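A short write-up of the structure that comes next.
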């Protein structure tokens, strides 16, 4: 994208895109993360990118940190386990807000901040910039670093709204609803516990305080989380003014009361939902879950929302004539758009917009594969790094172009 953004944006414009989600790489602005002065060359690139989007009347939606903590902050500061990293993030965010205040209105602070609900090394590094290095208290580490991230987000929101009161600054939650495997009350309670554990970050972002059950968990487990009175004040003052989330699939969970009497969330209790089909990567396809999720968020928080990731990763075959007939992607998106429309028109949720993931093929963050493709636009590059990066339009490109032209009224 860095070298092809003009070509890619022209393709988005050809489809009729009105908005486009991207991110600013923290390391392009502050390569180490702790410099005194930002990198002008990096800032200039994003000036050019946002200008190119504006040329086609495409609204940029910008994430400040999308799994991109500078490596020096990881190695030398222990990421967001160090309170100093709050200041580094706020400085970076402030530079971006000031530089692009007339070019960007919609912002998100941290991408899928709640993925670390599963406190394994991958997620803790991806979200908090922390290498466990044998430390066994991974969950307590996750809670502490999450708190510092949330304080950093709240401070950034406050600063951004001082710079431009018209900014819309939101959180971004990775959302996959968890259903009880059966109507057995224990499974229902386990699903509730899983939903609490996976999505409490949204509660803090929107309400500016911690939910009662989580504070009780800290006490029950003896977790010593550094939360100051000043932190509490900052969280209250820096709440977001809209909410965004990704949606790809749903889960089902079964309780094990003998081994887990407190219903503590753990992915090992997930079970297959026999009512759903799955992708080649095992992601269960559940468009109704998107409607359910929109209502779940809106009932709790009442904020305007935006779906900023929704898509279908699949193997795409290039035919002899160069066509790519990705009917499976069309089918997935069609049903999810229908669910989204029902949530708006029948249920009355306030939905600002919809961004599919990703309009241009990119490396899949979940598996590190290029062959797990999401886009309307095929990029000629494979898992081995072979290919010239040339772009070609898939069948879904033309289908989605018509969806935009008809404002979602014609989906077949």
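Numbering (our numbering), first residue to last: 463 to 874.
Yeah, the Cβ is synthetic: ideal placement off N, Cα and C, and Gly gets one too.
Nothing here was measured: the structure is a model prediction, and the numbers come from that model.
- In terms of CA proximity to residue 770, 821 leads the group 610, 805 and 821.
- It is roughly 14 Å from the alpha-carbon of residue 621 to the alpha-carbon of residue 526.
- In the structure shown, residue 791 falls within a helical segment according to DSSP collapsed to helix, strand and coil.
- Rounded to the nearest angstrom, the Cβ distance from residue 708 to residue 819 is 7 Å, consistent with a contact under 8 Å.
- A distance below 7 Å between beta-carbons, with the five flanking residues on each side excluded, links residue 719 to the following residues of its chain, in chain order: 648.
- Here DSSP, grouped into helix, strand and coil, assigns residue 769 to strand.
- Cβ neighbours of residue 611 within its own chain (closer than 7 Å, five residues either side excluded): 542, 572, 575 and 590.
- Annotated three-state conformation of residue 568 is strand, per DSSP.
- For residue 482, the uninterrupted beta strand (DSSP E) segment begins and ends at 481-485.
- For residue 489, the three-state secondary structure derived from DSSP is helix.
- Three or more beta-carbon pairs separated by less than 8 Å link the stretch 684-696 to the stretch 599-611, which places the two stretches in contact.
- Between the alpha carbons of residue 747 and residue 522 lies a gap of roughly 29 Å.
- Uninterrupted beta strand (DSSP E) stretches at least 3 residues long and entirely within the stretch 659-718 occur at 704-709 and 713-715, given in chain order.
- According to DSSP, residue pairing for residue 634 in a beta bridge involves 706.
- For residue 471, the secondary structure class from DSSP, reduced to helix, strand or coil, is helix.
- A check of alpha carbon separations from residue 847 across 497, 825 and 615 identifies 825 as the nearest.
- Take the alpha-carbon of residue 652 and the one of residue 469: they are about 48 Å apart.
- Secondary structure remark: continuous alpha helix (DSSP H) runs of at least 4 residues inside the stretch 495-552, in chain order: 502-517 and 533-539.
- In this structure, the CA atom of residue 836 is about 32 Å from the CA atom of residue 501.
- Cβ neighbours of residue 676 within its own chain (closer than 7 Å, five residues either side excluded): 662.
- Looking at 477, 513 and 536, the one whose alpha-carbon comes closest to that of residue 489 is 536.
- The beta carbon of residue 560 sits closer than 8 Å to those of 625, all from its chain and outside the five residues before and after it, given in chain order.
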